[in-house]
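Undergrad:
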Amino acid sequence: MKLPKIGLLPKVLIAIALGIGCSFFFPVWLVRCFLTFNSIFSNFLGLFIPFLIIGLIAPGIIELGKGAGKLLAITVGIAYFSTILAGFFSYGICSWTYPHVLGDSVSALGNIDMSGGLTPFFTIEMPAVMSVTSALVIAFLIGLTLINVEGHTFRDFMMDFRDGIYRVISKLIIPCLPLFIFGIFLQMGAEGKIAPVLGMFIKIILIIFAMHVTFLVFQFCIAGAVARKNPFKALWTMLPAYVTALGTQSSAATIPVTLAQAKKNGVRDEVAEFVIPLCATVHLSCSILKITACAFAISLSMGMDVSLATYAGFIMMLGITMVAAPGVPGGAIMAALGLLSSMLGFDANLQGLMIALYIAMDSFGTAGNVTGDGAIALIVNKIKLNKKDE
8 MKLPKIGLLP KVLIAIALGI GCSFFFPVWL VRCFLTFNSI FSNFLGLFIP
58 FLIIGLIAPG IIELGKGAGK LLAITVGIAY FSTILAGFFS YGICSWTYPH
108 VLGDSVSALG NIDMSGGLTP FFTIEMPAVM SVTSALVIAF LIGLTLINVE
158 GHTFRDFMMD FRDGIYRVIS KLIIPCLPLF IFGIFLQMGA EGKIAPVLGM
208 FIKIILIIFA MHVTFLVFQF CIAGAVARKN PFKALWTMLP AYVTALGTQS
258 SAATIPVTLA QAKKNGVRDE VAEFVIPLCA TVHLSCSILK ITACAFAISL
308 SMGMDVSLAT YAGFIMMLGI TMVAAPGVPG GAIMAALGLL SSMLGFDANL
358 QGLMIALYIA MDSFGTAGNV TGDGAIALIV NKIKLNKKDE
C-alpha cells in the first residue's frame, strides 16, 4: 500500500513545527550537526544560483523570441508592467502598515544576530564562479544572441542545460529545503528567538493575503474598463482557476482550467491559447508582491535598508528574474535568491527565513498569478479586436 505524497507546503510546516519542538530537548552537539548541514547547503546554493540564472533566463528569452511578433511584445509588456506594479504596490502598503502592525516584532528582532550563538562543526567553502549580476548579463547576451542564430546546436544545448537545472531544483534543492528550514528554526529555538519570528510570520501572512485580494480586484477593474465588461463577474468566472491553482501550486499545471475560464469571459480562442500559456511563464504579479512583502519585513526587522531607491531596483530586476521561475512549488523564491543576496544583502539564514515565509503562502501566490492571467487575456483580446477593426 502506497503512502500518499506530501506536498512541499505541508513538509515545510512540519519542518518548522519539528524545529521548534526539537529545540527544547536536542543537545547542543545534535543542533550543531544540523547547522553543519545548513552551512554546506547554503554554500551550495551560493555556488548554484549563477548557473540557475543562466540556465533559466537565457532559454526563456530564446522561447519568447520565437514568432508571434507584436502580440508577443504587447502581452509580455503588459505582464511585466503588471508584475512590477504589484511589487511597488506591495512596497507602498508595507511601508505604510509594517512599522505599525509589526512594531513589537521589529523591536524584538532588531538585535538578533543570526550568525551568533551556536555554530556548525565545520563548513565547506564553495565560492561562486561569478556574481549574480554577471550571470544576469551573460544570460541576456546568450538569449538575445540565439534569437537571431539560424543554427540549433547551441540553442538545443541551452534547452538541455535548462532541463538539467530543473532536475537539480526538483530532485535535490526542493527535497532538501524542509531539512534546511528545520535547521534554521531549530537554531532559533535553541537560542530563544522563536516567539518574535512566529508572531511576525502570522501578521505578514494576513497582510499579504489582503494585498492579494485587493490587487486582483484592481487588475480586473482595469481589464473590465478596457474590455467593457463587468470586472466582478469576470473575476468570479476565473474563480475555478484560482481554486485549482491552490491545489496544484503550479501555474503551468493550471493552464487548461485558466484557458477554459478565460474563454468563458469572452476571450477569443486564438488569443486565449496564446496569452494564457505565455502568462503562466512571464506574469507572476502575486509572487513578486509576496516576495517584496516578505523581504521588506525581514529587512525592517533586521535594521537593513528599506528605502525606495533600494527596493525600486530590486523590484524591477525581480520582475525580469520571475520569467525564470521554474514550474515547481517554490520555484519563484528559488529564482529570486540571487537578487535577495546581491541587492538586499540577505545572508543564508535570512534567505532561509524568506523561503519558509514564502512557501507558507506559495499556493495563494500561484492562485493569484493565474487569476490575473485572465485579466491580461481580456486586455490583449480587446487590443487585438481594435487593431482588426482599423
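Note that the working numbering has the sequence shown beginning at 8, numbered continuously upward. Glycine included, every Cβ here is placed at the ideal spot set by N, Cα and C.
Since I believe leucine 42 is in contact with threonine 126 (beta carbons under 8 Å), could you give me their beta-carbon distance rounded to a whole number of angstroms?
TA: As a working mapping, residue 126 is identified with position 119 in the sequence shown. As a working mapping, residue 42 is identified with position 35 in the sequence shown. That belief holds up - the Cβ atoms of threonine 126 and leucine 42 are roughly 7 Å apart, short of 8 Å.
Undergrad: Roughly how many angstroms separate the alpha carbons of aspartate 276 and isoleucine 181, rounded to a whole number?
TA: Indexing the sequence shown from 1 puts residue 276 at position 269. Indexing the sequence shown from 1 puts residue 181 at position 174. Each residue's Cα considered, the two are about 36 Å apart.
Undergrad: Helix or strand or just coil, what does DSSP make of histidine 107?
TA: Counting from one through the sequence shown, the residue named residue 107 turns up at place 100. Residue state, collapsed to three classes: helix.
Undergrad: Taking the Cβ atom as the reference point for each residue, do phenylalanine 192 and glycine 352 lie within a distance shorter than 7 Å?
TA: Here residue 192 refers to the residue found at position 185 when the sequence shown is read from its first residue. Here residue 352 refers to the residue found at position 345 when the sequence shown is read from its first residue. Cβ distance not < 7 Å, so phenylalanine 192 and glycine 352 don't count as in contact.
Undergrad: If you follow the alpha helix (DSSP H) that proline 263 is part of, which residue opens it and which one closes it?
TA: Against the sequence shown, residue 263 aligns to sequence position 256. Run containing proline 263: 262 to 271, per the alpha helix (DSSP H) assignment.
Undergrad: So what does DSSP say about asparagine 155, is it helix, strand or coil?
TA: Counting from 1 along the sequence shown, the entry for residue 155 is found at position 148. DSSP places asparagine 155 outside both helix and strand once states are collapsed to three, so it counts as coil.
Undergrad: Measure the alpha-carbon distance for valine 264 versus valine 377 and round it to whole angstroms.
TA: What you label residue 264 is simply residue 257 of the sequence shown in a count that begins at 1. What you label residue 377 is simply residue 370 of the sequence shown in a count that begins at 1. Between valine 264 and valine 377, the C-alpha separation is close to 10 Å.
Undergrad: From what residue to what residue does the alpha helix (DSSP H) around isoleucine 327 run?
TA: Numbered from its first residue, the sequence shown carries residue 327 at position 320. 315 to 328 is the extent of the alpha helix (DSSP H) around isoleucine 327.
Undergrad: Consult DSSP for serine 122 and reduce its assignment to one of helix, strand or coil.
TA: Position 115 of the sequence shown, counting from 1, holds the residue named residue 122. Because the pLDDT at serine 122 is just 48, under 50, the model does not fix this residue reliably, and the value given afterwards should be weighed accordingly. Shown here, serine 122 sits in coil according to DSSP, grouped into three states, outside any helix or strand.
Undergrad: What number of angstroms, rounded off, separates the C-alpha of alanine 217 from the C-alpha of glycine 381?
TA: As a first step, residue 217 is located in the sequence shown; it is residue number 210 there, counting from the start. As a first step, residue 381 is located in the sequence shown; it is residue number 374 there, counting from the start. Each residue's alpha carbon lies about 20 Å from the other.
Undergrad: Given 8 Å as the limit, is there contact between the stretch 207 to 227 and the stretch 46 to 61, that is, 3 or more CB pairs closer than that?
TA: no
Undergrad: Do the CB positions of serine 20 and methionine 133 come within less than 7 Å of each other?
TA: What you label residue 20 is simply residue 13 of the sequence shown in a count that begins at 1. What you label residue 133 is simply residue 126 of the sequence shown in a count that begins at 1. Sequence inspection shows leucine at residue 20; the serine mentioned does not correspond to that position. It is not a contact, given that the beta carbons lie outside the stated cut-off.
Undergrad: State yes or no: is the C-beta of isoleucine 295 within less than 7 Å of the C-beta of threonine 90?
TA: One-based indexing of the sequence shown puts residue 295 at position 288. One-based indexing of the sequence shown puts residue 90 at position 83. Yes.
Undergrad: With H, G and I counted as helix, E and B as strand and the rest as coil, what does DSSP make of serine 370?
TA: Walking along the sequence shown from the start, residue 370 turns up at place 363. Three-state result, serine 370: helix.
Undergrad: Return the residue from the list Ala24, Val387 and Leu315 that minimises the CA-CA distance to phenylalanine 96.
TA: Reading the sequence shown from its first residue, position 89 is the one you call residue 96. For the options Ala24, Val387 and Leu315, the alpha carbon positioned closest to that of phenylalanine 96 is the one of Leu315.
Undergrad: Thinking just about the alpha-carbon of each residue, which of Leu344, Ala22 and Leu385 is nearest to the one in glycine 231?
TA: By 1-based counting over the sequence shown, the position of residue 231 is 224. Selected option, being the one with the closest Cα: Leu385.
Undergrad: Please classify leucine 116 as buried or exposed, where buried requires at least 16 other C-beta atoms within 10 Å of its C-beta.
TA: In the sequence shown, counting from the first residue as 1, residue 116 sits at position 109. Low local confidence applies: a pLDDT of 49 at leucine 116 is under 50, so the model's placement there is unreliable, with the coordinate-based value given in what follows. Classification of leucine 116: buried, given that the 10 Å Cβ count is 16 or more.
Undergrad: Just to confirm, is the Cβ distance from phenylalanine 227 to alanine 248 under 7 Å?
TA: The residue given as residue 227 occupies position 220 in the sequence shown. The residue given as residue 248 occupies position 241 in the sequence shown. No, the Cβ-Cβ distance between phenylalanine 227 and alanine 248 is not below 7 Å.
Undergrad: Decide if aspartate 369 is buried, meaning its Cβ has at least 16 other Cβ atoms within 10 Å, or exposed.
TA: Stepping through the sequence shown from its first residue, residue 369 is reached at position 362. So aspartate 369 counts as buried.
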